[in-house]
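Undergrad: Those protein sequence lines, which keep their order, are chains P and W. In terms of the numbering used here, the first sequence has 233 at position 233, counting the first letter as 1, and numbering is strictly consecutive. Offset between the second sequence (1-based) and the numbering used here: plus 1000. Just so you know, even glycine gets a beta-carbon here, dropped at the ideal spot from N, CA and C. It should be emphasised that the depicted structure is a prediction, and the values quoted were computed from it without experimental measurement. Take a look at this one; I'll ask things after.
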Amino acid sequence: MATLSAKDFKSDQQVRWCPGCGDHAVLAALQRALPMVSSALSYDKERYVVVSGIGCSSRLPYYMDTYGFHSIHGRATAISTGIKVANPWLTVWQACGDGDALAIGGNHFIHAIRRNIDINVILYNNHIYGLTKGQYSPTSKFGAITKTSPYGTVEHPFNPGSLVLGAKGTFFARSLDVEMELNAEIMTAAALHDGCSVMEMLTNCVIFNDGAHRVISDPEVRADRTVILRKGEKMLFGKDRDKGLTYDGSRLKGVRIGKDGQNLDAVLVHDPTEDNIGLQMALADMKGPDFPVALGVIRDVADVTYDDGVRDQVKSVMEKSRIHCVDDLLLSGTTWEVK
Amino acid sequence: MSAVYGNTLSTFPDYPAEIRAPHDTVAGVSGFQVHIGSDDVRTPGDLCDLLVAMNPAALKANAQWLKPTAMVLVNSDAFDDAALEKAGFTSDNPFAELGIEDRAIIAAPVSTLTVESLKDSGMDRKAVLKCRNMFTLGMACFIYSRPLDYAYDYLERKFGKKHPEMIEPNRKVIFDGFNYASNIQAIPNTYNVAPSGNRPKGRYRNISGNQALVWGLLAASEKSGLPLFCGSYPITPASAILEELAIHKSLGAKTLQAEDEIAGICTAIGASFAGNLAVTTTSGPGLSLKSEAMGLAVMAELPLVVVDVQRGGPSTGLPTKTEQADLAQALYGRNGECPMIVMAAHSPSHCFDAAFMAAKLALEHMTPVLLLSEGFLGNGSEPWRIPSMADYPDIKPPLVNGALSEGEKFHPFERDPETLVRRWAVPGQKGFEHRVGGLEKNHEGVLSNNPQNHETMVRERAGKVQRCAADIPALEVLGPAEGGLLVVGWGGTYGHLLSAMEAVGDSASYAHFDYINPLPANTAEVFGRFRKILVCELNSGQFADYLLAKFPGKDIVRYGKIQGQPFLVSELVEAIKREI
């Protein structure tokens, strides 16, 4: 197997996202992560299939020099499911936006998670419909003023994290487009996870929703308003890493170490492999101003996958059955001879 | 039973959409029609020789189908005042009200007799009464001189594994029913339907349309060497296809019960991209939901079989009734210029060959194929001479083979100049990385908004479908090769039309279409030999409209029926005679 580099995953197509769009950084992170994944799992390039729905981020397959399928609005998850079930040997990556995956494609999204089909889903979340030029999405904030909500929306947004965990997802990670290192790390973890891996990428739309995540992504405040969770590490954050998360028996609490009698011992240690969803759900739900937004791999638990289940069941029935070809089938059951 | 005995037969279940429709009401009546004979039986029959009515509602719903010489067997225990009233009878003589007093009426206290038959069985009354249909089956076996062994064999197969305790009671009730019928001296005539003498030699089995369709797909999977994948969502009357296929994992088939119709077809499209023989199955409303994804398959030029077991529409319509009204949707129901191969099965057993050919055309021409079946075919059954797979052709999809030369790039939409078919590079092969999708592309597989390119690609996709005509059989004419009237049908009306044409004789000819888009290559030539075309179909004239558009100026007239029921042979004979 040849060693692959980011360049091997770059197609000859010109990237057409707007200058400054967060999608550029996610693409770069993916092209950086896949060589690492390939070397960790001994995958050749022809094993990758990149699938997408419709939306700005769904142009991704054209920019990846892999097998690719740019499908129709909302249906990427169903296409990915078919590819993976038909040939579990392939490794499937999917790009979809907040409108694509959570509005028109919401049904396929939750069912792929429920089935735990082994696909890697990058969910680009910019809180807006970009390609259709600025209508609100299912993740737009309550009251968001957009082209279709000139007086503000009157509907609550989805938090993709709680949706994934609520559907008993086995892998959920969150990051910001600008966190290149972390993103490559998350993508590698997702690839190593057997099952449906959802990576929420908080991306910026410079044209229709510029600064949607500025409140947490701005370099000035990012360290204080986000917490990067890593397995086995304390949940510490802040520029001076002097803030931490504790649990007071019923809920999470943000504390400052050394203040009000808080010491390092009380700060929680992150365990994404814990099967009980409770604490992970609380972490995924955290938001300002009281809490930092959780980034990193929030949940990563092992469970049986749908594609393995389908393959193994077919194999076991084939081994036991007396019907080995269509002629056997045609002659099975009640038949009679006309002489 | 009759099939194994050697008769020819045709069956047709007719039932309401409700699982437990209100008892004793006319709207809630379920029926099962069976037509047996020594010679070719092609339809479930127009009028019956024996009507078995287990309650007054069933009698009322079906009295219209009695021959003047028919017998009526009723369960007199169920004809109490309440049931008569519920069925809308106003007197205690329903036979007089229906004007069928002159028929031979056999009123047997079936429930009482069944209870008596099983009084020593130790079963509770509810379980005992469930056996009462078997009592009437025993009586019917006497009337039609059926050996009971076949019925007993059936009980063994039905209950042998899971409920062996049910075999003996049912066997006893059938036996007692048979003897009761023979003892009461009230049966005016019995029938002896001899085994068919003129059927081709060979091994036979009984098969329903939905079952045959699945087996045909499995045959195509074997002949193409590609695993079968079916992504579907349950819907009446197509569900039995997914159920039947789920049984046959022994042949490597994968089934996915999707979260909705759209996921059904999209998982199939994904499986096709990954190199499987991909199928999605549905019925009318489901086909509507799949429209956009069918367009994607047309655009990505991936092989796909879409099966529509038609039912009465529009919308939810008549879910359990048969109709041929999805033809226009099959031909045109997608955005943009989006032609697909459209074909139709014409009998329950023909669903096997139709499914095989649908898969063959899809795989060899890299296009989705829409195969139209009908509730009447899917649920209906008939004896079938078992074919040998050695007699079926290989299926050769245009898979890329070998490696690309140094620096060579795979162009996914370059076409065979003769067939306009593109090559299929299944993911996993080194060097053939490429992208497909719903956006317009050029031959190299690169996105293109170029005006001329779009026109070229639209015309080529349409041309590819039209050129399949070279691979489909010519249209055959039954009866005189030329003349005044050519009767035309498509799909499940075949058996009825064939029987009608026998009655009409040589004063008209008949051609049946299994292929609708493209039409068989000789269609224009055949039509040119006749002065008038009469199109008979179970809708208001969709195929007639299609043919008129293809053959403007031709004298094309129509005969349609839109009642959720198959044609009657008698009404077809009348309609044809009117046009001669």
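Return the chain-ordered list of same chain residues with a C-beta closer than 8 Å to the C-beta of W/PRO1398, the five sequence neighbours on each side being excluded.
TA: Excluding sequence neighbours, W/PRO1398 sits near GLU1364, MET1366, ASP1416, VAL1421, ARG1422, ARG1423, TRP1424.
Undergrad: Leaving out five residues before and five after P/GLN94 in sequence, what residues of the same chain have Cβ atoms less than 7 Å from its Cβ?
TA: Once the five neighbours on either side are set aside, the close Cβ partners of P/GLN94 are VAL51, SER52, ALA76, THR77, SER80, ILE119, ASN120, VAL121, ILE122.
Undergrad: Listed in chain order, which residues of the region 64-82 of chain P have Cβ atoms closer than 9 Å to some Cβ of chain W?
TA: Those would be MET64, ASP65, THR66, TYR67, GLY68, PHE69, HIS70, SER71, ILE72, HIS73, GLY74, ARG75, ALA76, THR77, ALA78, ILE79, SER80, THR81, GLY82, in chain order.
Undergrad: Can you list, in chain order, the residues of its chain with a C-beta nearer than 6 Å to that of W/ASN1062? Leave out the 5 residues immediately preceding and following it.
TA: LEU1051, listed in sequence order.
Undergrad: Against chain P, which members of the region 1266-1290 of chain W pass a CB distance test of less than 7 Å?
TA: Listed by position, the residues of the region 1266-1290 of chain W near chain P (Cβ gap below 7 Å) are CYS1266, THR1267, ALA1268, ILE1269, GLY1270, ALA1271, PHE1273, ALA1274, GLY1275, ASN1276.
Undergrad: Give the straight-line distance between the Cα atoms of P/HIS111 and W/MET1071, rounded to the nearest whole angstrom.
TA: Cα to Cα, the separation comes out at about 55 Å.
Undergrad: Between the Cα of P/ALA191 and the Cα atoms of P/VAL227, P/TYR43, P/CYS18, which residue gives the shortest distance?
TA: That would be P/TYR43, whose Cα lies nearest to the Cα of P/ALA191.
Undergrad: Scan the region 139-207 of chain P and note each continuous alpha helix (DSSP H) run of 4 residues or more that stays entirely inside, going in chain order.
TA: Runs found: 160-166, 180-192.
Undergrad: Less than 8 Å separating the Cβ of W/THR1493 from some heavy atom of the ligand SAM?
TA: As presented, the structure is devoid of all ligands, the ligand SAM included, so that no description of it is given.
Undergrad: Can you check whether the CB of W/ASP1176 is closer than 9 Å to the CB of W/ASN1251?
TA: Residue identity differs from the one stated: residue 1251 of chain W is Leu in this sequence, not Asn. In this structure, W/ASP1176 does not lie closer than 9 Å to W/LEU1251 by Cβ.
Undergrad: Roughly how many angstroms separate the alpha carbons of W/GLY1492 and W/SER1347, rounded to a whole number?
TA: Using only the alpha carbons, I get a separation of about 6 Å.
Undergrad: Give me the Cα-Cα distance between P/THR246 and P/VAL267, rounded to the nearest whole angstrom.
TA: For P/THR246 and P/VAL267, the distance between alpha carbons rounds to 5 Å.
Undergrad: Under 6 Å Cβ to Cβ from W/VAL1535, same chain only, skipping five residues before and after it: list those, please.
TA: These residues qualify, in order along the chain: VAL1488, PHE1543, ALA1544, ARG1558.
Undergrad: Kindly indicate if chain W contains any beta-carbon less than 9 Å away from that of P/VAL314.
TA: So, interface residue.
Undergrad: So, using beta-carbon positions, are P/GLN13 and P/TYR62 closer together than 9 Å?
TA: Cβ atoms of P/GLN13 and P/TYR62: closer than 9 Å.
Undergrad: For W/PHE1352 and W/ALA1212, I'd like the C-alpha separation in whole angstroms.
TA: Cα to Cα, the separation comes out at about 5 Å.
Undergrad: Just checking, does the region 133-153 of chain P make contact with the region 99-110 of chain P on the three C-beta pairs under 8 Å criterion?
TA: Output reads yes: the region 99-110 of chain P touches the region 133-153 of chain P.
Undergrad: Whole alpha helix (DSSP H) runs in the region 1011-1044 of chain W with 4 or more residues, listed along the chain?
TA: Those alpha helix (DSSP H) runs which fall completely within the region 1011-1044 of chain W and span 4+ residues do not exist here.
Undergrad: Could you tell me the distance, in whole angstroms, from the CA atom of P/GLY97 to the CA atom of W/PHE1527?
TA: If you take the alpha carbons of P/GLY97 and W/PHE1527, they lie about 54 Å apart.
Undergrad: Looking at the structure shown, is P/ILE128 part of a helix, part of a strand, or coil, going by DSSP?
TA: Three-state DSSP puts P/ILE128 in a strand.
Undergrad: Against chain P, which members of the region 1427-1458 of chain W pass a CB distance test of less than 9 Å?
TA: Listed in sequence order: PRO1427, GLY1428, GLN1429, LYS1430, GLY1431, PHE1432, GLU1433, HIS1434, ARG1435, VAL1436, GLY1437, GLY1438, LEU1439, VAL1446, LEU1447.
Undergrad: Of all the options P/TYR124, P/LEU330, P/GLU220, which has the alpha carbon lying nearest to the alpha carbon of P/SER24?
TA: The residue you asked about is not Ser; residue 24 of chain P is His in the sequence shown. Comparing Cα-Cα distances from P/HIS24 to each of P/TYR124, P/LEU330, P/GLU220, the minimum goes to P/TYR124.
Undergrad: Ignore the nearest five residues each way along the sequence and tell me which others in W/ALA1058's own chain have a CB closer than 6 Å to its CB.
TA: These residues qualify, in order along the chain: VAL1029.
Undergrad: Determine, using beta carbons only, whether W/MET1299 and W/GLU1440 come nearer to each other than 9 Å.
TA: Contact: yes.
Undergrad: For the beta strand (DSSP E) holding W/GLY1202, just list the boundary residues, first then last.
TA: 1202-1208 is the span of the beta strand (DSSP E), which, as asked, contains W/GLY1202.
Undergrad: Taking any Cβ of chain P, which residues in the region 1202-1232 of chain W have a Cβ under 8 Å from it, in chain order?
TA: Cβ contacts with chain P: GLY1202, ARG1203, TYR1204, ARG1205, ASN1206, TRP1215, LEU1218, ALA1219, GLU1222, PRO1227, PHE1229, GLY1231.
Undergrad: For the candidate residues P/ALA212, P/HIS324, P/VAL310, P/LYS315, whose alpha-carbon lies nearest to that of P/ALA86?
TA: Residue P/VAL310 is the option with its Cα nearest to P/ALA86.
Undergrad: Spell out the partners DSSP gives W/PHE1530 in its beta bridges.
TA: Per DSSP, W/GLY1483.
Undergrad: Determine the direct distance from the alpha carbon of W/ILE1174 to that of W/CYS1141, and round the result to whole angstroms.
TA: Each residue's alpha carbon lies about 9 Å from the other.
Undergrad: For the alpha helix (DSSP H) containing W/HIS1454, list its first residue and its last residue.
TA: Counting along the chain, the alpha helix (DSSP H) containing W/HIS1454 begins and ends at 1451-1466.
Undergrad: Can you tell me which of W/GLU1374, W/LYS1249, W/GLY1375, W/LYS1290 puts its alpha carbon nearest to the alpha carbon of P/LYS315?
TA: Taking only the C-alpha atoms, the option nearest P/LYS315 is W/LYS1249.
Undergrad: Relative to the alpha-carbon of P/HIS193, which residue among P/ASP177, P/GLY152, P/ASP303, P/ASN126 has its alpha-carbon at the smallest distance?
TA: Of P/ASP177, P/GLY152, P/ASP303, P/ASN126, the residue nearest in Cα terms is P/ASP303.
Undergrad: Going along chain P in order, which residues have a C-beta closer than 8 Å to the C-beta of W/ARG1423?
TA: Near W/ARG1423 there are no residues of chain P at all, since even the closest Cβ is about 14 Å away, more than 8 Å.
Undergrad: Any beta carbon of chain B sitting closer than 9 Å to that of P/LYS339?
TA: In the structure shown, chain B cannot be found, because the protein chains are P and W.
Undergrad: Would you mind stating whether W/LEU1217 and W/LEU1277 have Cβ atoms separated by less than 9 Å?
TA: Yes.
Undergrad: Identify the continuous alpha helix (DSSP H) that holds W/MET1134 and give its terminal residues.
TA: Taken as a continuous stretch (DSSP letters only), the alpha helix (DSSP H) holding W/MET1134 covers 1132-1143.
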